[in-house]
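A short worksheet on the structure shown next.
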Amino acid sequence: MPIPEEVTGDEIDKDVRQELQSLPKTLAEDVARNLVMVAKLLDEDPEKAYGYSRVALRLASRVAAVREAAGFAAYANQKYSEALAEFRAARRMTGSVELWPVMADCERGLGRPEKALDMAGTPEVHKLDKAGQVEMRLVAAGARRDMGQLDAAIVTLQSPELASNSVQPWTARLRYAYADALLAAGREQEAREWFAKAVESDRDGSTDASDRLAELDGVDFVDALDEEADDAGESTAAQDEAEAGDKD
Numbered sequence: 009m010p011i012p013e014e015v016t017g018d019e020i021d022k023d024v025r026q027e028l029q030s031l032p033k034t035l036a037e038d039v040a041r042n043l044v045m046v047a048k049l050l051d052e053d054p055e056k057a058y059g060y061s062r063v064a065l066r067l068a069s070r071v072a073a074v075r076e077a078a079g080f081a082a083y084a085n086q087k088y089s090e091a092l093a094e095f096r097a098a099r100r101m102t103g104s105v106e107l108w109p110v111m112a113d114c115e116r117g118l119g120r121p122e123k124a125l126d127m128a129g130t131p132e133v134h135k136l137d138k139a140g141q142v143e144m145r146l147v148a149a150g151a152r153r154d155m156g157q158l159d160a161a162i163v164t165l166q167s168p169e170l171a172s173n174s175v176q177p178w179t180a181r182l183r184y185a186y187a188d189a190l191l192a193a194g195r196e197q198e199a200r201e202w203f204a205k206a207v208e209s210d211r212d213g214s215t216d217a218s219d220r221l222a223e224l225d226g227v228d229f230v231d232a233l234d235e236e237a238d239d240a241g242e243s244t245a246a247q248d249e250a251e252a253g254d255k256d
């Protein structure tokens with residue numbers, strides 16, 4: 009797959025660069041450039057990101073960072089079985105538990121929420137950092153919802169991190185998930201309060217909490233372009249009527 013000339017491979021994280029030092033120099037550069045493309049395209053064009061991840065995988069399947077990148081690319085394309093296999097391979101190579109939450113979410117994607125819940129109760133969870141533990145809580149709540157256990161999902165999300173006034177990278181998503189679960193359970197007023205709190209903490213627009221809040225408040229957004237088109241249509245119609253009157 010073509011890679012823009014300006015992508016040199018130097019853009020990758022220093023830890024990944026260190027992993028690639030086990031490869032011959034030219035090969036390491038090729039792998040690095042493909043990994044950069046995966047990272048650049050993962051959100052905006054996951055299908056292309058997946059293609060670059062497969063190239064990197066063919067070149068260096070014994071590098072943990074490559075297996076992890078391939079896992080995330082497959083995950084972004086809802087290829088959950090493939091993603092899980094890559095994450096497991098990366099974990100075997102590194103011994104890290106960092107991927108445990110996303111592995112559990114792959115189990116959800118494969119229609120096995122019970123397995124995801126089992127993973128949420130293992131000792132590995134206690135080895136995760138705070139962000140990882142919050143992510144695991146989100147996955148567990150999602151698994152409860154998959155199983156139709158809305159009240160249990162709500163309880164799962166109730167935590168010191170949810171109650172804290174401190175805004176962390178995970179705060180908006182945690183509040184959003186809680187609001188969404190409350191709404192699904194028919195607790196609309198509470199849901200509205202938590203969507204509002206999610207909006208307050210969503211500094212990078214990672215959720216659509218503002219839209220959900222507006223929807224609950226009965227606010228309809230009208231596209232400015234649509235309004236201009238309507239106004240233009242009304243003006244044209246009025247002009248046509250006036251011209252018709254002049255002819256009469």
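Numbered according to this note's numbering, the sequence shown terminates at residue 256, and the numbering increases by one at each position without gaps. Glycine included, every Cβ here is placed at the ideal spot set by N, Cα and C.
- The way I'd put it, the region 60-79 does touch the region 27-36; three or more beta-carbon pairs between them come closer than 8 Å.
- Every unbroken stretch of the alpha helix (DSSP H) spanning 4 or more residues and falling wholly within the region 86-140 is given here in chain order: 88-102, 108-117 and 121-128.
- Bounds of any alpha helix (DSSP H) do not take in Trp178, whose DSSP letter is neither H nor E.
- Nearest C-alpha to Arg75 among Thr16, Leu43, Glu37 and Lys48: Leu43.
- Counting along the chain, the unbroken alpha helix (DSSP H) around Glu37 starts and ends at Lys33 to Leu49.
- Residue Lys135 holds the alpha-carbon nearest to the alpha-carbon of Pro109 among Met101, Ala206, Lys87 and Lys135.
- Under the three-state reduction of DSSP, Gly17 is assigned to coil, being neither helix nor strand.
- Within the same chain, Gly79, Ala82, Tyr83 and Cys114 come within 6 Å of Ala91 by CB-CB distance, once the 5 residues on both sides are set aside.
- A Cβ-Cβ distance of about 6 Å is found for the pair Leu170 and Tyr186, placing them in contact under the 8 Å criterion.
- DSSP places Thr215 outside both helix and strand once states are collapsed to three, so it counts as coil.
- Between Leu191 and Thr34, the alpha-carbon positions lie close to 54 Å from each other.
- Between Gly117 and Tyr88, the gap from beta carbon to beta carbon is short of 8 Å.
- Look at Ser209 here: in three-state DSSP terms it is helix.
- In this structure, Ala149 sits away from Ala112, with a CB-CB distance that is not shorter than 8 Å.
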